[in-house]
């Protein structure tokens with residue numbers, strides 16, 4: 001084996017590892033490669049080749065016979081070599097059956113030369129493989145530099161192909177979405193995230209995820225996406241901006257994603273505080289009036305029914321006077337909890353003032369509202385209270401009449417409540433007109 005690697009001029013000579021167990025073929029290869037450009041090192045088995053490539057970092061290319069002596073054939077040897085080094089491998093084979101060629105191609109190798117034709121193509125193929133490998137290394141270096149730069153960006157960056165499949169995501173995107181780069185690669189963005197909902201930040205409209213399969217609709221879009229974090233199983237809100245990128249007539253999409261979960265949580269908290277009563281957690285009067293107006297408009301537009309229940313705690317002043325305001329506050333909280341547990345999500349419970357509450361019941365007839373009020377009355381009476389005794393409430397119920405104002409509706413409910421108070425309290429009364 002020749003160990004000289006450089007000439008006195010300092011020119012780098014390409015060191016070639018020839019893996020071949022036929023001495024006559026070794027001589028053919030050595031004669032075909034110019035000695036002033038190449039140094040040929042020969043080993044006869046796959047095991048020797050792996051050891052040599054691992055030890056000698058100056059080997060520039062491997063010429064590999066497919067059929068070798070020893071336990072490893074040339075293709076298996078190449079697989080092992082590529083696990084430890086990124087090096088061009090050019091196969092020499094006397095077999096051109098499809099199965100062998102498929103195994104060679106699956107390695108991402110630099111091609112093969114049929115034995116017997118090497119006189120024409122060996123030198124050109126070796127030079128081409130060396131040049132191609134050099135180009136690949138430069139591209140990888142540039143890609144690594146670009147990745148390093150992109151990974152310093154605080155926002156998540158994703159690169160999608162024309163079909164919407166993920167090609168790359170940076171470190172910030174891995175944290176935001178809960179997927180590693182390797183896990184996400186090749187998958188469709190919105191099939192990967194399985195969003196609970198998508199909001200167009202420009203129009204304010206909700207977007208159906210199936211529409212986003214057509215990437216031509218995504219360019220310039222600003223979307224807010226809610227989904228579950230893959231690893232932490234918590235809801236995530238991400239603002240996404242989509243930009244079209246064209247490189248050599250190929251289209252890509254760059255997605256910039258910003259985690260706005262904390263901002264959304266703060267917004268929701270501020271909204272909650274602005275519309276709820278701080279003591280009981282029921283909606284405050286201002287928001288309840290807004291909901292009443294919305295329900296009236298919906299009823300007029302859709303020609304649907306709805307009813308309201310107004311109730312007031314009996315002798316509540318006596319509770320405050322005898323047991324103190326802290327006990328009174330606890331009574332209000334427990335009554336609110338009783339009602340919340342029974343009503344539907346679409347219903348609205350609002351603290352109307354003091355110990356008085358209003359329940360708005362969409363799609364509910366007067367008869368059903370009266371039945372619910374009676375059920376609530378019993379539950380409040382049976383609820384354990386923080387003092388020796390129980391708490392009762394009086395109820396007034398009415399249904400919305402077409403064409404009337406909110407003021408008229410509330411007045412009628414209040415009159416029904418007043419009637420319940422006058423007729424002994426702890427009872428339900430209703431008003432039709």
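In UniProt numbering, the protein residues as written are 1 to 433.
The beta carbon of each residue, even a glycine, is placed where N, CA and C say it ideally should be.
Uninterrupted beta strand (DSSP E) stretches at least 3 residues long and entirely within the UniProt domain "GGDEF" (304-433) occur at 306-313, 348-353, 356-362, 393-399, 428-431, given in chain order. In the assembly as shown, residue 27 is an exposed residue. Its beta-carbon has fewer than 16 other beta-carbons within 10 Å.
Residue pairing by DSSP places residue 224 opposite 199, 239 in a beta bridge. For residue 257, the closest of 158, 24, 385, 114 by C-alpha to C-alpha distance is 158. The residues 61, 62, 63, 64, 109, 110, 111, 112, 113, 125, 126, 129, in chain order, have a CB closer than 8 Å to that of residue 90 in the same chain once the five nearest residues on each side in sequence are set aside. Here the alpha carbon of residue 21 sits roughly 40 Å from the alpha carbon of residue 182. Boundaries for residue 163: no alpha helix (DSSP H) harbours it, and the DSSP string shows neither H nor E there.
Taking the C-beta atoms as reference points, residue 311 is found nearer than 9 Å to residue 394. Here the segment 284-300 lies against the segment 335-353, with 3 or more beta-carbon pairs under 8 Å apart.
According to the DSSP assignment, residue 46 belongs to the alpha helix (DSSP H) that extends over 46-55.
Contact annotation, residue 386 with residue 330: C-beta distance approximately 5 Å; criterion of less than 8 Å satisfied.
Using a Cβ distance threshold of 9 Å, residue 280 and residue 361 do not count as a contacting pair. Residues 157, 170 of the same chain have their beta carbon placed closer than 7 Å to that of residue 150, with the five preceding and five following residues left out of the count. Taking 3 residues as the minimum length, the beta strand (DSSP E) runs contained wholly in the UniProt domain "Response regulatory" (15-130) are 38-43, 59-65, 89-93, 112-114, in order along the chain. Per DSSP, residue 187 lies in no alpha helix (DSSP H) and is assigned neither H nor E.
Secondary structure at residue 152: coil, using DSSP grouped into helix, strand and coil. If you draw a straight line from the Cα of residue 252 to the Cα of residue 246, it is about 6 Å long. A check of alpha carbon separations from residue 410 across 396, 419, 229 identifies 396 as the nearest.
For residue 272, the enclosing alpha helix (DSSP H) begins and ends at 261-275. The distance from the Cβ of residue 41 to that of residue 17 is about 5 Å, consistent with a contact at the 8 Å cut-off. By alpha-carbon distance to residue 103, the top candidate from 239, 271, 422, 73 is 73. Within 10 angstroms of the beta-carbon of residue 307 lie 16 or more other beta-carbons, which makes it buried. In chain order, 165 place their CB closer than 6 Å to the CB of residue 186, counting only its own chain and leaving out the 5 sequence neighbours on each side.
Taking a 10 Å sphere around the C-beta of residue 163, we find fewer than 16 other C-beta atoms and assign the residue as exposed.
C-alpha of residue 305 to C-alpha of residue 367: approximately 12 Å in a straight line.
Ranked by Cα distance from residue 382, the options 32, 423, 335, 318 are led by 335. Taking the CA atoms as reference points, residue 358 sits about 18 Å from residue 272.
Rounded to whole angstroms, residue 328 and residue 320 show a C-alpha spacing of 5 Å. The alpha-carbon separation between residue 419 and residue 270 amounts to approximately 39 Å. Residue 242 places its beta carbon 9 Å or farther from that of residue 225. By the criterion of a C-beta distance shorter than 7 Å, residue 343 is surrounded in its chain by 349, 359, once the five residues flanking it on both sides are discounted. Here residue 227 is near residue 194, since their CB atoms are less than 9 Å apart.
If you ignore the 5 residues before and after residue 379, its C-beta comes within less than 6 Å of the C-beta of 338, all in its own chain and listed in chain order.
Excluding sequence positions up to five before and after residue 356, its CB lies within less than 6 Å of the CB of 312, all in the same chain and listed in chain order.
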